[in-house]
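A.B. asks: I have a structure I would like to understand better, so I am pasting it below and will then ask my questions one at a time.
Residue numbers (this note's numbering): 390 to 642.
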């Protein structure tokens, strides 16, 4: 399989997808994607874009991502699944699948509703390249259980694409006791929540994917891209921190 799983679309103070452009360009070139390639976008995580609520937000989301893919990557044949009746056939015709970030629960609910969870999984496992950021990275996992998002809807199932055997927690934040003390925050840290997940899913591994980092899955090889270290959590073990721009396959198999 060929996956680019990105933690976040935008760094603070930067333009949309700017930090990930190097990875996106390399991914485009690796699979010879060009202006004729059909890029199929799944916008269902975007429930509130440019102050436009769902479902008008889908048009806003499509326009935002299409502008970058067209102007920066030269991928102008960009179609969102929400604009067509036969969504499954569109997925089957795709040269690349792109799943945007937002609310993971809503994304998963809509993908199950339209039969896209099975359709996308099938074509990607047969070789169609897949790009996802934030919620789009979450759904590449076996389940949505390590999302950070509020459950604004109830999906038919928490099961997702199962393209990788581990879970991802995008936007991973390290414990910040000084800030917690300042704002009098008494809740769980991100690490606490991931340990809760592992307590009841003891055979799983979880990747804490920090901002401005991504996983590139190239068949049996997994590379950590970007400038940030990655955390790997396993039940009953101390977390392992992995250096950026390295082969992380052995940590996740």
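All C-beta atoms, glycine included, are put in the ideal place defined by N, C-alpha and C.
Excluding the five sequence neighbours on either side, which residues of its own chain have a C-beta within less than 6 Å of the C-beta of residue 602, listed in chain order?
C.D. replies: By one-based count along the chain shown, residue 602 stands at place 213. The residues are 396, 615, 617.
A.B. asks: Helix, strand or coil for residue 650? Go by DSSP, reduced to three states.
C.D. replies: Examination of residue 650 is not possible in this model, given that the chain is present from 390 through 642 alone.
A.B. asks: Between the segment 505-525 and the segment 457-466, can you find at least three pairs of beta-carbon atoms closer than 8 Å?
C.D. replies: At 8 Å Cβ cutoff, the stretches do not touch.
A.B. asks: Look up residue 391 in the DSSP assignment and give the residues it is bridged to.
C.D. replies: By 1-based counting over the chain shown, the position of residue 391 is 2. BP columns for residue 391 point to 607.
A.B. asks: Helix, strand or coil: how does DSSP classify residue 533 here?
C.D. replies: Taking the first residue of the chain shown as 1, we reach residue 533 at position 144. If DSSP states are grouped into helix, strand and coil, residue 533 belongs with coil.
A.B. asks: Is it buried or exposed, residue 589, if we count other Cβ atoms within 10 angstroms and call 16 or more buried?
C.D. replies: By one-based count along the chain shown, residue 589 stands at place 200. Exposed: under 16 other Cβ atoms inside 10 Å.
A.B. asks: Quick one: residues in its chain with C-beta nearer than 6 Å to the C-beta of residue 447, no 5 flanking neighbours on either side, listed in chain order?
C.D. replies: Numbered from its first residue, the chain shown carries residue 447 at position 58. Correct list, in chain order: 432, 471.
A.B. asks: Is it true that the CB of residue 634 sits closer than 8 Å to the CB of residue 597?
C.D. replies: Numbered from 1 along the chain shown, position 208 holds the residue referred to as residue 597. Numbered from 1 along the chain shown, position 245 holds the residue referred to as residue 634. Not a contact, by the Cβ cut-off of 8 Å.
A.B. asks: Which of the three DSSP states, helix, strand or coil, is assigned to residue 616?
C.D. replies: If you number the chain shown from 1, residue 616 lands on position 227. It is coil, neither helix nor strand.
A.B. asks: Let's test the definition: count the other Cβ atoms within 10 Å of the Cβ of residue 571 and tell me whether it reaches 16, buried, or not, exposed.
C.D. replies: Numbered from its first residue, the chain shown carries residue 571 at position 182. With a pLDDT of 48 at residue 571, under the threshold of 50, the modelled position of this residue cannot be trusted, and the question is left open.
A.B. asks: Determine the direct distance from the alpha carbon of residue 579 to that of residue 463, and round the result to whole angstroms.
C.D. replies: For this step, residue 463 is matched to residue 74 along the chain shown. For this step, residue 579 is matched to residue 190 along the chain shown. Going from the Cα of residue 463 to the Cα of residue 579 covers about 37 Å.
A.B. asks: Can you grab the Cα-Cα spacing for the pair residue 408 / residue 477, in whole Å?
C.D. replies: Here residue 408 refers to the residue found at position 19 of the chain shown. Here residue 477 refers to the residue found at position 88 of the chain shown. Taking the straight line joining both Cα atoms gives about 31 Å.
A.B. asks: Which residue or residues does DSSP assign as beta-bridge partners of residue 631?
C.D. replies: In the chain shown, the residue the question calls residue 631 occupies position 242. Answer is 619.
A.B. asks: Measure from the alpha carbon of residue 427 to the alpha carbon of each residue in 518, 534, 531, 544, then state which is nearest.
C.D. replies: Residue 427 sits at position 38 when you count from the first residue of the chain shown. Closest by alpha carbon: 518.
A.B. asks: Which residue wins for smallest C-alpha separation from residue 497, given the options 445, 468, 485, 551?
C.D. replies: Numbered from its first residue, the chain shown carries residue 497 at position 108. Measuring from the Cα of residue 497, the nearest candidate turns out to be 551.
A.B. asks: Can you tell me where the beta strand (DSSP E) with residue 427 in it begins and where it stops?
C.D. replies: Indexing the chain shown from 1 puts residue 427 at position 38. Taken as a continuous stretch (DSSP letters only), residue 427 belongs to no beta strand (DSSP E), as it is neither H nor E.
A.B. asks: Should residue 394 be labelled buried (16 or more other beta-carbon atoms within 10 Å of its own) or exposed?
C.D. replies: Counting from one through the chain shown, the residue named residue 394 turns up at place 5. Looking at its Cβ environment, which holds 16 or more other Cβ atoms inside 10 Å, residue 394 is buried.
A.B. asks: For residue 436 versus residue 489, is the C-beta distance shorter than 8 Å?
C.D. replies: As a first step, residue 436 must be located in the chain shown, where it is residue number 47. As a first step, residue 489 must be located in the chain shown, where it is residue number 100. For residue 436 and residue 489, no; Cβs fall outside 8 Å.
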